[in-house]
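Since the structure comes first, as structure tokens, the remarks are kept for the end.
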Amino acid sequence: MSRLVLTIAGKLLIVQIYGPAAVIAVNRSNGGLVWLTRLDSNPLAVITASGTSYSGLMAFYVGVSSLEETLPAEQCCTFRGSLVKLNILYGLYTALPEAEECQERQNNQTTPPTEPDQCIGPNVNFNSIIAFEMESGRISLVPNSLGCLTGPNLDADFREAPMLITISTNGTERDIAVAVQKSGFAWVVDRDSGDILAGPGSIEGGGTWGTTTDGKRSTLKENFTLAPSTRMTTAGAWVALDVRSREILWSTANPSNETAPTLVSVASGVVFAGSVALEGPCMQWTPRRAMWSYNSGATVYGGISISYGCIYHGNGYKLGAVAQLHPTWIGGTDLYALCVK
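So in the working numbering, the last one in the sequence shown is 1655, and the numbering has no gaps at all.
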């Protein structure tokens, strides 16, 4: 099962599997398997945020999370989250020298939950936006505190990679990173200081799986009043947000009257989004109307990748508690390529 955006890297199409945490590369032309790499041996390890490729280093970067919070207290917690850099051609990765040396000193033993992990540094950054050095993986910047609440709270962490945007304000260019929490709060972080945008949140609403940008505007998913109008929806909607003025430019309700938790993508002034109902629409930035939809035969919960006139997406999302909470969602195992002739 996958709910993530597919990545196009040269002749490869890179797919990330939710669980077990694995990355798969297939040939773009015929779908043949090129390589498969499992990122963590923990049985509850999962991939929840889409990876990013960088051709300059022939690398693919992806984070690893887990579902250990679902275990009884006596069985939790042995998992450690990580950011992994894979070689695009072969799917191989190398651990940091200091991490390998520490594991050797510890004889690769798993630290009991009651004791601190000797191979984890003191500055562990939970629920953070972090800048890493692309070559070495070392942390280069952790922005100012995002004001996370203390104590037991809703599952409101970040489930997407931040978008890197350069904006111009009063003639001055500014480099920012934009990310949205599952609870619906959008954060804009200056790489030196930090500016904040906020939006409505709920248990399953808000920015769940990802936003997109055309360099000026950001599109996300929320359940709320369809600003700038006063119309409301009891289902999901797609929203365009101006990252400079913090203004909601438009809101479009999901025409299937379902939620809209899937990732969104933009190309040539058109927004593409999947739907937990059978058909997912594509919309223009202006005048934000649905242009067409395609029925894949199953729920589309992951994102859509776009390249040279083609869009790529997988389908199917129906597993465990998800099936009980959303009985109308449909499972599937297909990978689609839709192209403009």
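All residues carry an ideal CB built from backbone N, CA and C; glycine is no exception.
With 16 or more other Cβ atoms inside 10 Å of its own Cβ, Ala-1591 counts as buried.
Between the alpha carbons of Glu-1572 and Ser-1589 lies a gap of roughly 8 Å. DSSP, read as helix, strand or coil, puts Leu-1555 in strand.
Shown here, Gln-1420 sits in coil according to DSSP, grouped into three states, outside any helix or strand. Between Met-1477 and Lys-1399, the CB-CB gap reaches or exceeds 9 Å.
Cβ-Cβ distances below 6 Å link Ala-1445 to Ser-1454, Leu-1455 in the same chain, with the five nearest sequence neighbours on each side left out; the list follows chain order.
When the five nearest sequence neighbours on each side are left out, the beta carbons in the same chain lying within less than 8 Å of the beta carbon of Ser-1621 are those of Ile-1322, in order along the chain.
The C-beta separation of Tyr-1626 from Leu-1320 comes to about 5 Å, placing the pair in contact by the 8 Å criterion. In its chain, beyond the 5 residues on either side, Val-1329, Leu-1350 have a beta carbon closer than 6 Å to the beta carbon of Ile-1338. It is roughly 42 Å from the alpha-carbon of Arg-1342 to the alpha-carbon of Arg-1545. With contacts defined as CB atoms closer than 9 Å, Leu-1577 and Ala-1567 fail to qualify as a contacting pair. Gln-1638 has no beta-bridge partner at all, per DSSP.
Between Val-1378 and Thr-1366, the C-beta gap is not smaller than 9 Å, which leaves the two residues out of contact. Annotation for Thr-1486: the continuous beta strand (DSSP E) segment containing it runs 1486-1494. In the structure shown, Ser-1369 falls within a helical segment according to DSSP collapsed to helix, strand and coil. Nearest C-alpha to Ala-1581 among Cys-1624, Val-1557, Ser-1559, Ala-1551: Cys-1624.
Straight through space, the alpha carbons of Ser-1396 and Val-1492 are spaced by roughly 21 Å. It is roughly 33 Å from the alpha-carbon of Ile-1443 to the alpha-carbon of Ile-1644.
Ile-1402 sits close to Gly-1324, with the two beta carbons spaced by under 9 Å. Restricting attention to Ala-1387, Leu-1326, Pro-1411, Pro-1357, the CA atom closest to the CA of Ser-1369 is found in Leu-1326. In the three-state reduction of the DSSP assignment, Ala-1413 falls in the helix class, which pools H, G and I. Under the DSSP assignment, Val-1584 falls in the beta strand (DSSP E) whose first and last residues are 1584-1587.
One Cα belongs to Ala-1335, the other to Arg-1352, and the distance between them is close to 6 Å.
Comparing C-alpha distances from Arg-1452 to each of Ala-1409, Trp-1501, Asn-1629, Ile-1490 shows the shortest one belongs to Ala-1409.
Under the three-state reduction of DSSP output, Thr-1384 falls in the helix class.
Taking the CA atoms as reference points, Glu-1412 sits about 42 Å from Ala-1651. Proximity to Val-1494 across Val-1503, Cys-1390, Glu-1388 peaks at Val-1503, based on C-alpha coordinates.
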